[in-house]
Amino acid sequence: MKVFKLICFIGLVFLLSVLSADEGPKIMVINSNAAVDKYKIAQEEFTKTISTPVVEIDLGGKKWKIGEIEDLLYDEYPDLVYCIGTKAYLLANKFISDRNIVFSSVINWRRLSLSQKTYGVSNELNPEMQITLYRYIFPGLKRIGVLYSGKYNKHWFEEAQKAAKEMGVEIIGRSLSKRRDTLPELKELLKEIDALWLISDPVVMSDKKSLIEVFKQCDIKKIPILSYHNAFAEYGAMVIVSVDNPTTGRQAAAISREVLGGDVVKKKVQLPAGSHIILNLKKANEYGLKYGEMALSVVNRFIE
Amino acid sequence: MTDNSHQKRRFIALISTIALLLIGLALFCVISAGSGRIKIYFYSSETNINNFKSLKMEFDRYLSKFGPYEFQPFSARDVFEKQVKDKENCLFILSSWHYRHIHKEYSLTPALTGVRNGKKYQRKILLADEKAPDIETTKPGLIASAGSLQYTTSVLKRMLKKYAEHAFRVLTVPKDIDALLAAGHGMAKLAFASRYAFDELKGINPRLCRKMKVLAEGEETLLLIVALPQGFTANRKKMVDMIKNMPLTPDGKKRIRMLGLDGWQELDASDRSRLES
Chain A
84 MKVFKLICFI GLVFLLSVLS ADEGPKIMVI NSNAAVDKYK IAQEEFTKTI
134 STPVVEIDLG GKKWKIGEIE DLLYDEYPDL VYCIGTKAYL LANKFISDRN
184 IVFSSVINWR RLSLSQKTYG VSNELNPEMQ ITLYRYIFPG LKRIGVLYSG
234 KYNKHWFEEA QKAAKEMGVE IIGRSLSKRR DTLPELKELL KEIDALWLIS
284 DPVVMSDKKS LIEVFKQCDI KKIPILSYHN AFAEYGAMVI VSVDNPTTGR
334 QAAAISREVL GGDVVKKKVQ LPAGSHIILN LKKANEYGLK YGEMALSVVN
384 RFIE
Chain B
1038 MTDNSHQKRR FIALISTIAL LLIGLALFCV ISAGSGRIKI YFYSSETNIN
1088 NFKSLKMEFD RYLSKFGPYE FQPFSARDVF EKQVKDKENC LFILSSWHYR
1138 HIHKEYSLTP ALTGVRNGKK YQRKILLADE KAPDIETTKP GLIASAGSLQ
1188 YTTSVLKRML KKYAEHAFRV LTVPKDIDAL LAAGHGMAKL AFASRYAFDE
1238 LKGINPRLCR KMKVLAEGEE TLLLIVALPQ GFTANRKKMV DMIKNMPLTP
1288 DGKKRIRMLG LDGWQELDAS DRSRLES
């Protein structure tokens, strides 16, 4: 009888271990607001790529109480949580920072507090990638102007200048300390450059009025504007190189697989691997700019 | 009085019937005109760039000059294959890899192949950082590729025979240049791209390319294929000439460059045998 009980016990333990092994890792996706297109796309691509059932939470879908989210996170206690947007990351990091967290679509991730188990895909393409793609479209670009504030973008500017030099491109910068310097500095800069690279800078882009004036002055001198955000298409930017949101979701899934597979992830926060390009062909023809022979095959959207 | 109203009612009924018949006839004309359109179906397993809206607008505008043609791009292979099944009066533009896989089932005949820089063949390569270990000794890590997962793994298995049973991990990116930049900047261990894209990048960013090495090379394959179903009954020559002559006008040239080509060429017997073997 004792032997029978022992066999039953061992069998039960074996069965439980098999069942728990089959369960697989528990993954949760927290979306700051699934109504935002780029967040929604990242989530869709992530779930498609990871091909494992995931628990999905949309923070924009209803009015959540902090306690409700806290309960949900502790109840689920996922092995890995993919956070889309800052709001999602802050909540996951507040309650379950001991779990693996992968973030994306977070503006300026460097200001976030990160744990040993935090990974992510940054929201900004690095300057070298951007210059490479700008030159892929317009191989004739030699001198690119940049307006920036030393306070926010000194390091970025130096990095861009160094990367550009290696490609035979000169980056000519004007460091601004006050927003009222924007237009006088721009007028001087326009005399020396082939294109203006409009970067994300709180001093340069302090208000809509001065932004419109920057576009107007460049248009008068037929100097193309290169930029990083699709919103500048309506202002008349010549080329916009931005992050490809579906790729970001797939990249987050690739990082998650590595983390859950126990692989060593060398770069904890990666640069985005995919680009999305808008080209204003109407303006290129108007300015008499010559684009690369095969440039048209890498453009997502044309403005004509 | 009663006769009058009766006649009036009959008259109204007659007019209504005629109106209904006319509406029906108009609808029939519209529908049959639609079905008379010749569609050009496009799907490439070698690129993942979401430019379908631009492609459709540009090609439709160009093709409308020649007759009732319509361009229909697809983003997924399964949707493409489901949609084109048993279609006869249409034309396909697809990768040579895809053509090889479906030409028997779909009874396709190749008409033209794409040309880039005067060449109709291309080669895929696998690249990594110059410090990466040899592919023969270390299993491949994450591979950035603009091709579909099926296409990428199929070509990789022929390229790296040792890993024929290996489950490759692929990060799908929009285009070849993204794959190369991803490996160059450490977002992926390896890049799977065309030799042509790598040569182009060398001209723009030589420093980055110097830091990368070619680990393996695939077989030469034809670029995009223009194919027709065997049951194609419309004017075959007119249709093929329309596509073939695209590079002769600036408008046509612009559209084929959107496909990453600069011309079309007819296939010879050797091309066809390599394509269908």
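Chains A and B, in that order, are what the protein sequence lines are.
The numbering of the first sequence is our numbering, which starts it at 84 and goes up by one.
The numbering of the second sequence is our numbering, which starts it at 1038 and goes up by one.
Quick reminder that beta carbons are idealized off the backbone N, C-alpha and C, glycines included.
Our two residues, A:Val112 and A:Pro136, have alpha carbons roughly 10 Å apart in a direct line.
Note that the C-beta distance between A:Leu354 and A:Asn183 is not below 7 Å.
Nearest to B:Ser1082 by C-alpha distance, out of B:Ala1234, B:Leu1265, B:Pro1110 and B:Leu1163, is B:Pro1110.
Every alpha helix (DSSP H) stretch that sits fully inside the region 1156–1220 of chain B and reaches 4 residues is listed by chain position as 1186–1196.
For the region 350–369 of chain A, residues whose beta-carbon sits nearer than 7 Å to a beta-carbon of chain B comprise Lys350, Gln353, Leu354, Ala356, Gly357 and Ser358. With respect to the 7 Å criterion, B:Thr1150 and B:Leu1227 are not classified as neighbours on the basis of their beta carbons. Classified as exposed, A:Lys148 has fewer than 16 neighbouring CB atoms from the shown chains inside 10 Å of its CB. Between B:Asp1166 and A:Ala171, the alpha-carbon positions lie close to 34 Å from each other. The beta carbon of A:Glu268 lies closer than 7 Å to those of Leu230, Arg257 and Leu259 in the same chain, with the five residues before and after it left out.
Secondary structure note for A:His359: it is in no alpha helix (DSSP H), and the uninterrupted beta strand (DSSP E) holding it is Ser358 to Asn363.
Around the CB of B:His1043, fewer than 16 other CB atoms lie within 10 Å, so the residue is classed as exposed.
Restricted to the region 151–197 of chain A, the alpha helix (DSSP H) segments that are unbroken, complete and at least 4 residues in length are 169–178, listed in chain order. When the alpha-carbon of A:Ile220 is set against those of A:Leu294, A:Val322, A:Pro329 and A:His359, the nearest one is in A:Val322. Looking at the backbone, the Cα of A:Gly344 and that of A:Lys131 are separated by about 18 Å.
Pairing A:Ala356 with B:Ala1219 gives a Cβ-Cβ distance under 7 Å. Each of B:Asn1085, B:Lys1045, B:Tyr1106 and B:Ile1086 was checked against the Cα of B:Met1276, and the nearest Cα belongs to B:Tyr1106. Chain A has a Cβ within less than 7 Å of the Cβ of B:Val1210. Two segments are said to touch when three or more pairs of C-beta atoms, one from each, lie closer than 8 Å; by this definition the region 1264–1279 of chain B touches the region 1120–1127 of chain B. Rounded to the nearest angstrom, the Cβ distance from A:Asp277 to A:Ile227 is 7 Å, consistent with a contact under 8 Å. The Cβ-Cβ distance between B:Ser1182 and B:Phe1108 does not fall below 7 Å. Its chain contains Ile361 as the residues whose beta carbon lies nearer than 7 Å to that of A:Arg384, once the 5 sequence neighbours on both sides are disregarded; these appear in chain order.
Straight through space, the alpha carbons of A:Ile110 and A:Tyr157 are spaced by roughly 13 Å. For A:Trp239, the enclosing alpha helix (DSSP H) has its first and last residue at Gly233 to Glu249. Between the region 1235–1253 of chain B and the region 1164–1178 of chain B there are three or more C-beta pairs closer than 8 Å, enough to call the two in contact. The contact set of B:Lys1291 on chain A, defined by CB atoms closer than 8 Å, consists of Leu379 in chain order. Contact note: B:Glu1237 reaches chain A through Tyr219, Gly375 and Met377, using a C-beta cutoff of 9 Å and chain order. Looking at the DSSP output, A:Asn114 sits in a beta bridge with A:Asp141 and A:Ile167.
B:Glu1313 and B:Thr1146 have their C-alpha atoms spaced approximately 10 Å apart. Counting C-beta pairs with one atom in each stretch, the region 301–309 of chain A and the region 325–341 of chain A have fewer than three that are closer than 8 Å, which means they do not touch. Against B:Gly1297, the close residues of chain A are Met377 and Ser380, in the order they occur along the chain (beta-carbon pairs closer than 8 Å). Rounded to the nearest angstrom, the gap between the Cα atoms of A:Ser289 and A:Asp264 is 11 Å.
The alpha helix (DSSP H) runs lying completely inside the region 1213–1284 of chain B and spanning 4 residues or more are 1213–1221, 1232–1241, 1243–1247 and 1273–1281, given in chain order. With respect to chain A, the C-beta atom of B:Ile1055 has no partner C-beta closer than 7 Å. Contact of B:Arg1074 with chain A is not assigned, every C-beta pair being separated by 7 Å or more. A direct Cα-to-Cα measurement between A:Ile338 and A:Leu272 gives close to 42 Å. At a cut-off of 7 Å between C-beta atoms, B:Ile1162 does not count as an interface residue with respect to chain A.
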